[in-house]
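**Q** Counting in the working numbering, the sequence shown runs from 19 upward without gaps. Quick reminder that beta carbons are idealized off the backbone N, C-alpha and C, glycines included.
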Amino acid sequence: MEDDFNKSPKPKGKWTFLALSILSLAVLVTFSLFFWYLVSPRINAMSPLLSLGLKIAGLLFLVTVSGGLFLIVLSSALEKDFLFPHGEKQVTLKVLFPINLFLGRLFGLSKDQVRESFVQVNNSLFKATEKRIKNDRLMILLPHCLQNFDCPHRIVGNYNNCKRCGGCLIGDILKLKDKYDIEISIATGGTLARKVIVEKKPTVIVAVACERDLCSGIQDAYPIPVYGILNERPFGPCINTRVNLKRLDQAVQYILDGDRDAKGYNHQRL
Ligand code: SF4
């Protein structure tokens with residue numbers, strides 16, 4: 019059976035965000051140059067030294083963002099690690115992300131479509147940097163809305179309260195947890211998710227969430243690498259959501275794979 023986890027995401031998916039990023043960079047450079055053209059005579063008249071300092075700072079900023087984007091595109095496209103280990107890509111993404119959302123809207127893309135594409139870029143970078151990822155403390159981070167809305171058991175903070183009745187996917191995900199002996203956390207929102215990450219100190223996270231929460235979660239969790247899986251929302255947002263269990267299982271296997279191979283397990287991917 020073909021391993022659909024390791025297939026590259028549909029090119030259209032990640033390339034939407036990458037193409038928007040390239041366009042955003044062009045917009046940023048154009049606006050920066052235009053702004054400098056307008057203000058430089060006055061600054062130069064005030065202090066030539068200040069003018070030179072600002073010119074150098076602006077140039078360094080643009081070189082950092084452009085260089086970061088070049089490496090992101092290269093690493094994401096080839097799924098090979100060309101990134102620096104000290105998070106230069108974060109600067110690029112932080113700067114370009116809001117411009118991408120704005121430009122996406124001009125091209126008729128919703129915020130969620132741009133965010134979904136970002137998650138695919140993130141996952142391709144995750145694969146590109148897999149050799150750097152420590153898999154000894156893997157945590158699955160789940161949104162509370164996966165739980166059946168009518169379930170009377172409180173599972174946030176203590177998933178052992180789940181009776182595994184089959185009323186929602188939480189029981190199946192707990193079986194996955196038992197199977198791989200990994201950490202799991204269920205959070206009601208970004209604040210709790212951040213608190214859980216600080217307390218449990220995972221080295222790598224597989225996160226399930228909607229586009230918005232995944233995007234902010236991936237950026238908030240940095241430098242901990244996050245593999246993102248979008249939830250499914252057959253009943254609308256935030257209620258009785260679902261996740262593709264096979265994909266979740268494959269993501270966990272993929273991350274643990276190195277460990278199991280090292281221990282000589284006859285490990286087979288789905
Ligand atoms: S599996 Fe059953 S007990 Fe567990 S959270 Fe879902 S509905 Fe509640």
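H162: beta carbon under 8 Å from a heavy atom of ligand 1?
**A** In the sequence shown, counting from the first residue as 1, residue 162 sits at position 144. Because no heavy atom of ligand 1 lies under 8 Å away, the Cβ of H162 does not count as near it: no.
**Q** Among R260, G86, V222, P243, whose alpha-carbon lies nearest the alpha-carbon of R251?
**A** Against the sequence shown, residue 251 aligns to sequence position 233. Taking only the C-alpha atoms, the option nearest R251 is R260.
**Q** Do L248 and C228 have their C-beta atoms within less than 9 Å of each other?
**A** The residue given as residue 248 occupies position 230 in the sequence shown. The residue given as residue 228 occupies position 210 in the sequence shown. Closer than 9 Å, so yes.
**Q** Please return the same chain residues whose Cβ sits closer than 7 Å to the Cβ of K32, not counting the five positions on each side in sequence.
**A** The residue labelled residue 32 in the question sits at position 14 within the sequence shown. So the list reads S94, S135, Q138, V139, S142, once near-sequence residues are dropped.
**Q** Do you know whose CA, among V216, I223, S65, lies nearest I202's CA?
**A** The residue given as residue 202 occupies position 184 in the sequence shown. The option with the nearest alpha carbon to I202 is I223.
**Q** When DSSP builds the beta bridges, which residues end up paired with E229?
**A** Working through the sequence shown from its first residue, we reach residue 229 at position 211. The partner list for E229 (beta bridge, DSSP) is empty, contrary to what the question assumes.
**Q** By the three-class DSSP mapping on this structure, what secondary structure does V224 have?
**A** Within the sequence shown, numbered from 1, the residue matching residue 224 stands at position 206. Note: V224 maps to strand in three-state DSSP.
**Q** Using beta-carbon positions only, say whether S39 and V91 come within less than 9 Å of one another.
**A** By 1-based counting over the sequence shown, the position of residue 39 is 21. By 1-based counting over the sequence shown, the position of residue 91 is 73. Yes.
**Q** What does a CB cutoff of less than 6 Å around T206 pick up in its chain, not counting 5 residues either side in sequence?
**A** If you number the sequence shown from 1, residue 206 lands on position 188. Once the five neighbours on either side are set aside, the close Cβ partners of T206 are H162, V174.
**Q** In the structure shown, what three-state DSSP assignment does G207 receive?
**A** Taking the first residue of the sequence shown as 1, we reach residue 207 at position 189. In the structure shown, G207 sits in coil (DSSP, three-state: anything other than H, G, I, E or B).
**Q** So, is G235 buried or exposed, given that buried needs 16 or more other C-beta atoms within 10 angstroms?
**A** Sequence index remark: in the sequence shown, residue 235 carries index 217 (1-based). Buried, since its Cβ has 16 or more Cβ neighbours within 10 Å.
**Q** Report the residue from R212, I215, F167 whose alpha carbon sits nearest the alpha carbon of G254.
**A** Walking along the sequence shown from the start, residue 254 turns up at place 236. With distances taken between Cα atoms, G254 lies closest to F167.
**Q** Bridge partners for M157 per DSSP, in chain order?
**A** Counting from one through the sequence shown, the residue named residue 157 turns up at place 139. Answer is E201, I223, bridged to M157.
**Q** What residues in its chain sit with their C-beta under 6 Å from that of D231, if we drop five residues either side in the sequence?
**A** Position 213 of the sequence shown, counting from 1, holds the residue named residue 231. Once the five neighbours on either side are set aside, D231 has no close Cβ partner at all.
**Q** Which residue comes first and which comes last in the beta strand (DSSP E) that contains G246?
**A** On the sequence shown, position 228 is the one that residue 246 refers to. Here the beta strand (DSSP E) through G246 covers 244-248.
**Q** V45 to K181, Cα distance in whole Å?
**A** The residue labelled residue 45 in the question sits at position 27 within the sequence shown. The residue labelled residue 181 in the question sits at position 163 within the sequence shown. Distance between the alpha carbons of V45 and K181: 54 Å.
**Q** Taking the DSSP output, what are the residues bridged to R260?
**A** Taking the sequence shown and counting its residues from 1, the one referred to as residue 260 is at position 242. Answer is E250.
**Q** Would N118 and V132 qualify as a contact pair, given that the criterion is a beta-carbon distance under 9 Å?
**A** Reading the sequence shown from its first residue, position 100 is the one you call residue 118. Reading the sequence shown from its first residue, position 114 is the one you call residue 132. Yes, they are a contact pair.
**Q** Pull up the distance between the alpha-carbon of D22 and that of N153, whole angstroms please.
**A** In the sequence shown, the residue the question calls residue 22 occupies position 4. In the sequence shown, the residue the question calls residue 153 occupies position 135. Its pLDDT being 48, under 50, D22 is placed unreliably by the model, and the measurement read from it follows with that caveat. If I take the Cα positions, the gap works out to 21 Å.
**Q** Quick one: does the C-beta of K181 sit closer than 8 Å to a heavy atom of ligand 1?
**A** Translated into positions along the sequence shown, residue 181 becomes position 163. Yes.
**Q** At what residues does the alpha helix (DSSP H) containing L72 begin and finish?
**A** Taking the sequence shown and counting its residues from 1, one reaches residue 72 at position 54. That run of the alpha helix (DSSP H) goes 66-96.
**Q** Would you call the CB atoms of F100 and L111 closer than 9 Å?
**A** Within the sequence shown, residue 100 is the residue found at index 82, counting from 1. Within the sequence shown, residue 111 is the residue found at index 93, counting from 1. No; because the gap between Cβ atoms is not below 9 Å, this pair is not in contact.
**Q** For N284, which residues from the same chain have a beta carbon less than 7 Å from its beta carbon, with the 5 sequence-adjacent residues on both sides left out?
**A** Reading the sequence shown from its first residue, position 266 is the one you call residue 284. At N284 the pLDDT is 36, less than 50, meaning the model places this residue with poor confidence; the figure from the coordinates comes in the next sentence. Excluding sequence neighbours, N284 sits near nothing in its chain.
**Q** In whole angstroms, give me the CA-to-CA distance for P241 and D267.
**A** The count along the sequence shown starts at 1 and reaches residue 241 at position 223. The count along the sequence shown starts at 1 and reaches residue 267 at position 249. In a straight line, the C-alpha of P241 is about 23 Å away from that of D267.
**Q** Can you give me the Cβ contacts of V244 inside the same chain, cut-off strictly under 6 Å, excluding the 5 residues immediately before and after it?
**A** Locating residue 244 in the sequence shown gives position 226, where the first residue counts as 1. Taken in chain order, the residues that qualify are I223, A225, I236.
**Q** Enumerate in chain order the residues of its own chain whose CB-to-CB distance from I76 is below 8 Å, with the five nearest sequence positions on each side excluded.
**A** Here the question's residue 76 lines up with position 58 in the sequence shown. Note on residue identity: the sequence assigns Gly, not Ile, to residue 76. Here the set comprises S50, W54.
**Q** Output the boundary residues of the alpha helix (DSSP H) element that contains R172.
**A** For the purposes of this step, residue 172 is taken as the residue at position 154 of the sequence shown. R172 -> no alpha helix (DSSP H), and no H or E assigned at all.
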